[in-house]
Every structure is written in structure tokens, then in C-alpha cells.
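Take a look at the structure below.
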């Protein structure tokens with residue numbers, strides 16, 4: 001289980017892998033500092049996908065605005081989609 005404000009039943013390795021993909025994406029784009037680090041952005045995205053939380057709930061839980069939550073999730077989904085041929089494959093990742 002991944003430590004979170006509420007238990008999230010995804011392997012820590014999955015969160016770390018998504019965080020690594022985000023880190024590489026940010027490095028390639030020379031992205032400046034952000035409110036959330038890559039691990040937190042990966043966690044935010046997986047909470048949204050797994051728990052179906054709204055962007056308002058995510059924003060409140062991660063201390064960011066609703067719009068920022070929407071942007072972060074969208075960016076992470078774009079990164080996952082480019083990494084794998086399908087979103088399901090990206091979320092199940094290498095084992």
C-alpha cells in the first residue's frame with residue numbers, strides 16, 4: 001500500500017514508475033519548479049483514476065487549485081499515453 005491521506009491500493013512501484021516517467025518528461029521539457037513534485041503528481045493522478053475523485057476534491061487534498069489538479073492529471077495522462085500503446089497497459093506497467 002502507498003502511504004496517502006487515505007489508503008490507496010496500488011503498488012508503491014507503480015507510483016514510483018509513473019513518477020519516473022513524469023520526471024523524465026519534465027527534464028526533457030526543462031520544466032521549472034512546480035507546487036507538487038513528480039511523486040505527488042503521480043499519486044494525484046492515480047488517486048483520480050482509482051478513486052474517481054473530482055478535481056475539486058483532489059485540489060483540496062493536495063493543497064492545490066482545482067485548475068492545477070486538472071492540468072497535472074492531464075499532463076500525467078498524456079505522459080502515460082505516450083509511454084504505452086494503451087492506458088490500461090500504462091497503468092498496469094512492468095511487473
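In full-length UniProt numbering, the protein residues as written are 1 to 95.
Cβ coordinates follow ideal geometry from the N, Cα and C atoms, glycine included.
Keep in mind it's a predicted model, so treat the numbers as computed, not measured.
Taking only three categories from DSSP, how would you classify residue 8?
Note: residue 8 maps to strand in three-state DSSP.
Take residue 29 and list the residues in its own chain whose beta-carbon comes closer than 8 Å to its own, dropping the five residues that flank it on each side.
Nothing listed; no residue qualifies.
Using the Cα positions of residue 70 and residue 57, report the straight-line distance between them to the nearest angstrom.
Cα to Cα, the separation comes out at about 11 Å.
Got a sec: does the ligand COA put a non-hydrogen atom nearer than 7 Å to the Cβ of residue 30?
For the structure depicted, the ligand COA is absent and the ligand set is empty, with no information on it obtainable.
Going by beta-carbon coordinates alone, are residue 50 and residue 12 separated by less than 8 Å?
Not a contact, by the Cβ cut-off of 8 Å.
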